[in-house]
Amino acid sequence: MDTHEVQPLQFMCLSKVAICIFNRTDIKKCIHELGCLIRRPRRHVDCIADRAKELASTLPLPASLKSVLMDVLRSRAIEVFDWYIKHRDLISYDFNVLSSFHWRPDGAIEELKTAQALVRRQDADIYSRISIACKYQLTADIQRLIDESMNMSMRLLVLNRHASVTNNPLTRLAFIKSYVSNILQLWEINFYCCICGRKDPRFTGRNSSVFPESYMSASD
2 MDTHEVQPLQ FMCLSKVAIC IFNRTDIKKC IHELGCLIRR PRRHVDCIAD
52 RAKELASTLP LPASLKSVLM DVLRSRAIEV FDWYIKHRDL ISYDFNVLSS
102 FHWRPDGAIE ELKTAQALVR RQDADIYSRI SIACKYQLTA DIQRLIDESM
152 NMSMRLLVLN RHASVTNNPL TRLAFIKSYV SNILQLWEIN FYCCICGRKD
202 PRFTGRNSSV FPESYMSASD
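If you're matching positions, the sequence shown starts at 2 in the working numbering and goes up one per residue.
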């Protein structure tokens, strides 16, 4: 049996209170600002825990429960910064992830559901979202996110940066399939340009050519 499912009712209730405190806008902002300093995030645990404890001290709870709640708050702060450590190479500085956290009844972060929420965030940069999708092998999301990429340079950069993130064959296949499909499309478009001597209306922009400049000049 999963030990996370066997928790005293009192602890589960206090964990809920702790999560509510951590979901306050001021606490989330503070965690995001300190969490971005993820080279040494543990040094900030006390800062976050102390701020949360200030808020908890105003709650109408018996002194004995407040004491336990303080310990729970510190545990939640450690949980959050442990998540930042684990994902520090995957998320950008401006990716405020705390609002997407999913929590277990015992107060631990539900990582898979959190990852699924993060990759669907339209306000986040696509590199962070693809990185998270790769780590958790969310193959369908990887394909969808790559399809959102608007130009060849982004697809190539994503492939080079993240193709080795996971050994999952389905994940790697999604990258390769999208990459090959788009490179073939670009060759088709540029061949059209060479033959007709004009730009194909389906593709414009600074990366509109995959042929060397010398080849394009020779075709004129």
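All C-beta atoms in this analysis are idealised placements derived from N, C-alpha and C, irrespective of residue type, glycine included.
With respect to the alpha helix (DSSP H) encompassing residue i, which residues constitute its N-terminal and C-terminal limits?
i: ALA19; result: 10 to 23
i: TYR128; result: 127 to 136
i: THR140; result: 140 to 149
i: PHE82; result: 64 to 87
i: VAL46; result: 46 to 57
What separation, rounded to the nearest whole angstrom, lies between the Cα atoms of residue i and residue j?
i: TYR193; j: ILE147; result: Model confidence at TYR193 stands at a pLDDT of 43, short of 50, so the residue's coordinates are unreliable; what they give is reported in the following sentence. Looking at the two C-alpha atoms, the distance is approximately 25 angstroms.
i: GLY198; j: GLU149; result: In this prediction, GLY198 scores a pLDDT of 44, lower than 50, which makes its location untrustworthy; no coordinate-derived value is stated.
i: VAL46; j: LYS114; result: 24 angstroms
i: LYS87; j: PRO9; result: 28 angstroms
i: ALA224; j: GLU80; result: Lying before the first or after the last residue shown, residue 224 is absent from the chain, which here runs from 2 to 221.
i: ASP142; j: ILE20; result: 28 angstroms
i: LEU62; j: PHE12; result: 14 angstroms
i: LEU66; j: LEU60; result: 10 angstroms
i: ALA1; j: TRP84; result: Because the chain in this structure spans residues 2 to 221, residue 1 falls outside the shown range and cannot be described.
i: ARG121; j: ILE32; result: 21 angstroms
i: CYS135; j: ASP51; result: 35 angstroms
i: VAL69; j: ARG25; result: 20 angstroms
i: LEU119; j: PHE96; result: 9 angstroms
i: MET153; j: ILE131; result: Residue confidence for MET153 is low, a pLDDT of 48 falling below 50, so the modelled location carries little weight and cannot support an answer.
Which whole-angstrom value describes the C-beta separation of residue i and residue j, a residue pair presumed to lie in contact below a C-beta threshold of 8 angstroms?
i: TRP104; j: GLU112; result: In fact, because the Cβ distance is near 11 angstroms, the residues do not count as touching under 8 angstroms.
i: ALA125; j: LEU139; result: The pair is not a contact, with the Cβ atoms about 14 angstroms apart (cut-off 8 angstroms).
i: PHE23; j: ALA53; result: 7 angstroms
i: SER129; j: LYS29; result: No, SER129 and LYS29 are not in contact; Cβ-Cβ is about 17 angstroms, not under 8 angstroms.
i: ILE133; j: LEU91; result: 6 angstroms
Quick one: what's residue i bridged to in DSSP?
i: ILE110; result: TRP104
Mind checking whether the beta-carbon of residue i lies closer than 8 angstroms to any heavy atom of the ligand GTP?
i: ASP107; result: The model depicted lacks the ligand GTP and carries no ligand whatsoever.
message: Check whether the stretch 16 to 24 and the stretch 59 to 77 are in contact - that is, three or more C-beta pairs closer than 8 angstroms.
response: yes
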